[in-house]
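This report refers to the structure that appears directly beneath it.
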Amino acid sequence: MGNPANLANRYRIVQPLKQLTNGQIVRGQDVTSERDVIIYTFQESDVLENEEILHWMKKASQISNKHFMQMLEYGSEDGTLYAVLRVESGSLLTDRLNDLVITGNKALTYVHELAIALREAQMKQHLAFSVDVNNLWITDQGQLRIMDRWTEGNNGRRGAPGLGLLLYQLAAKTDIPTSSMSSYSFEMSLLFAHMAEETRERAVALACKAYEGLCTFEDFQLELEGLLGIAGEKPEPRTPSYAKPSTSSKKMGVRKWFLIAPAGLSVLVLALFLSLRSNSDYANDAKQQTTAKADPVAVATSGADFSKSSASPTPDRTATPTAEPVVAPTLLSSDSAGEDQFGVVPDLVNHTREEAEKMALDAGLRYEFFLESSSASQGTVFKQDIPPGTAVHNGDRVTFWVSKGL
2 MGNPANLANR YRIVQPLKQL TNGQIVRGQD VTSERDVIIY TFQESDVLEN EEILHWMKKA
62 SQISNKHFMQ MLEYGSEDGT LYAVLRVESG SLLTDRLNDL VITGNKALTY VHELAIALRE
122 AQMKQHLAFS VDVNNLWITD QGQLRIMDRW TEGNNGRRGA PGLGLLLYQL AAKTDIPTSS
182 MSSYSFEMSL LFAHMAEETR ERAVALACKA YEGLCTFEDF QLELEGLLGI AGEKPEPRTP
242 SYAKPSTSSK KMGVRKWFLI APAGLSVLVL ALFLSLRSNS DYANDAKQQT TAKADPVAVA
302 TSGADFSKSS ASPTPDRTAT PTAEPVVAPT LLSSDSAGED QFGVVPDLVN HTREEAEKMA
362 LDAGLRYEFF LESSSASQGT VFKQDIPPGT AVHNGDRVTF WVSKGL
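For the sequence shown, my numbering begins at 2 and goes up steadily by one.
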């Protein structure tokens, strides 16, 4: 802990960086060494809360992982808590989001590096701090550094969900989370668009599971290493040692053999009898099955019901569709059978993906969309499978194509 009385004399404020709810972050400089630093200052009205934060600051100062900003000193002065961090050349990640070009592999690498830092903090029983863009510094060399690790992060901004949020923020160039999994998977599909299809699908699925909190941190890290081709640590194989049997154990084995052999022979005979009988029964059943014929109409209806059994929109998909889209059939789904409700397909072309989704739902339709390169503006619909104005049953599915740009 530093000397609070000398804090104002030792550091010169160079530039305010960010306003916090109960304080601020400023860039400063050590007057003596002229070393650049980041200074957190904030206030807590509760004395017990102050002591709690000082406790976690002390633990945070003991972390030496390269993915954390090094804490130079911390303390409390006149009711104001402060933490001084060594800073590398760079800026807050939030200030660089718009002009930062990040590929899918680079984003996964960032997340993997932060996952290693999180793992170390967990093992040392530190607080679960935030890992979203608001708590990260990016150096001029493109490396990420965690800043505040003495404050517990909010739900959805820490652990695996926090890393899933970071992927979305890097892809969408925003620090605001989304409540729409359709929007989330759309951004992930764009982020990982350059990957091979199988790898892309795995990456999108993993990101979605993490963002929704549907996987543990351990499973997330393991799958992440698989995507990046990083071999995780495996336990060293142990050489088995075999004890030599004693003379008494050999005699016991012989006695057991004479007892087990007759019983084993009886079981073998019984199994052979049952096998012959079951084969005969199976042959008779097969003859009966070949005489029965399936009802093709019933099968088709069942297939339609199965494909439309969910009332929620189909998740985003990035597979390349066929050149000629197939018009969706107008079969009634199981949840709309018996209801004579009809609607009209809206004109989705030239609308954004979000607008098209809302228009489809307002018309009582399910929907799915594909991402495809097009001369149309990125993120806008440029074709749909069912022509506008077509009368359809409520619950039918409309497919549209969203431009990825050229």
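Beta carbons: idealized from backbone N, C-alpha and C, even for Gly. These numbers come from a predicted model, not from an experiment.
State the start and end residues of the unbroken beta strand (DSSP E) segment that holds residue i.
i	result
HIS394	392–394
LYS384	382–385
ILE147	145–147
ILE40	37–44
LEU349	Here LEU349 belongs to no beta strand (DSSP E), and DSSP marks it neither H nor E.
PHE401	398–404
LEU137	137–140
Under the three-state reduction of DSSP, which class applies to residue i: helix, strand or coil?
i	result
GLN170	helix
GLU74	strand
ALA204	helix
PHE187	helix
GLY105	helix
ILE410	Look at the range of the chain in this structure, 2 to 407, and you will see that residue 410 is not part of it.
GLU114	helix
LEU21	coil
GLY91	strand
GLY154	coil
ARG159	coil
LEU119	helix
GLY165	helix
VAL32	coil
VAL15	strand
ILE177	coil
If you drop the 5 nearest sequence neighbours on each side, which residues of the same chain put their C-beta closer than 8 Å to that of residue i?
i	result
LEU145	HIS68, LEU94, TYR111, GLU114, LEU115, LEU137, TRP138, ILE139
VAL38	TYR12, ARG28, GLY29, GLN30, ASP31, LEU73, VAL85, LEU86, ARG87, VAL88
SER375	PHE383, TRP402, SER404, LYS405, GLY406, LEU407
TYR368	PRO314, THR315, ALA357, GLU358, ALA361, LEU362, ARG398, VAL399, THR400, PHE401
THR353	GLY380, THR381, VAL382
Given residue i, which residues of its chain have a CB within under 6 Å of its CB, disregarding the five upstream and five downstream residues?
i	result
TRP57	LEU128, TRP151
ASP141	SER90, GLY91
PRO178	LEU166
VAL440	Outside the displayed span of the chain (2 to 407) sits residue 440, for which this structure offers no information.
PHE370	PHE401, VAL403
For residue i, is the classification buried or exposed, using 16 other Cβ atoms within 10 angstroms of its Cβ as the cut-off for buried?
i	result
THR400	buried
SER217	The identity of residue 217 in the sequence shown is Thr, whereas the question assumes Ser. Exposed, because fewer than 16 other Cβ atoms sit within 10 Å of the Cβ of THR217.
PHE193	buried
ASP100	exposed
ALA1	Because the chain here runs from 2 to 407, residue 1 falls outside it and cannot be looked at.
SER281	With a pLDDT of only 44 at SER281, under 50, the local geometry of the prediction cannot be trusted, and the value read off the model is given with reservation. Per the 10 Å Cβ criterion, exposed.
ARG201	buried
ALA197	exposed
MET70	buried
ARG36	exposed
PRO347	buried
LEU366	buried
MET124	exposed
THR381	buried
VAL102	exposed
VAL52	The identity of residue 52 in the sequence shown is Glu, whereas the question assumes Val. That one is exposed.
PRO358	It is worth fixing the name first, because residue 358 is Glu in this sequence and not Pro. It counts as buried.
PHE343	exposed
ASP149	buried
Tell me which residues share the same chain as residue i and place their Cβ nearer than 7 Å to its Cβ, disregarding the 5 neighbours each side in the sequence.
i	result
ALA329	Confidence at ALA329 is low in this model, with a pLDDT of 37, below 50, so the placement of that residue is unreliable and no value is reported for it.
GLY449	No information on residue 449 is available, as it lies outside the stretch 2 to 407 that the chain covers here.
GLU188	TYR169, ALA172, ALA173
LYS60	HIS127
GLY233	Here GLY233 scores only 49 on pLDDT, less than 50, and its place in the model should not be relied on; the value that follows carries that caveat. Once the five neighbours on either side are set aside, the close Cβ partners of GLY233 are LEU223, GLU226.
GLN379	SER404, LYS405, GLY406
ALA377	PHE383, SER404
PRO162	ALA211, TYR212, GLY214
SER62	MET72, TYR75
ARG203	LEU228
HIS195	THR104, GLY105
ALA392	PHE343, VAL345
In terms of residue numbering, what span does the alpha helix (DSSP H) encompassing residue i cover?
i	result
ALA364	Careful: ALA364 lies outside any alpha helix (DSSP H) and carries neither H nor E.
ASP220	218–229
ALA84	That residue, ALA84, is in no alpha helix (DSSP H); its beta strand (DSSP E) goes 81–87.
ARG11	8–11
Assuming residue i contacts residue j (C-beta within less than 8 Å), just tell me the rounded distance between them.
i	j	result
SER186	CYS209	6 Å
VAL85	ILE117	So it is not a contact: roughly 25 Å between Cβ atoms.
VAL32	ARG11	6 Å
LEU215	LEU109	No, LEU215 and LEU109 are not in contact; Cβ-Cβ is about 18 Å, not under 8 Å.
ALA364	VAL350	About 15 Å; that fails the 8 Å criterion.
LEU18	SER190	Rounded, the Cβ-Cβ distance is 34 Å, inconsistent with contact.
VAL134	ILE147	With a Cβ gap of about 11 Å, VAL134 and ILE147 do not count as contacting.
GLY160	LEU119	7 Å
LEU98	ILE54	28 Å between Cβ atoms; not a contact.
GLU121	ASN155	Not quite, the Cβ-Cβ distance comes to about 21 Å (not below 8 Å), so this is no contact.
Quick check: does the Cβ of residue i come within less than 7 Å of any heavy atom belonging to the ligand GTP?
i	result
GLU114	Among the components modelled here there is no ligand, and therefore nothing to report on the ligand GTP.
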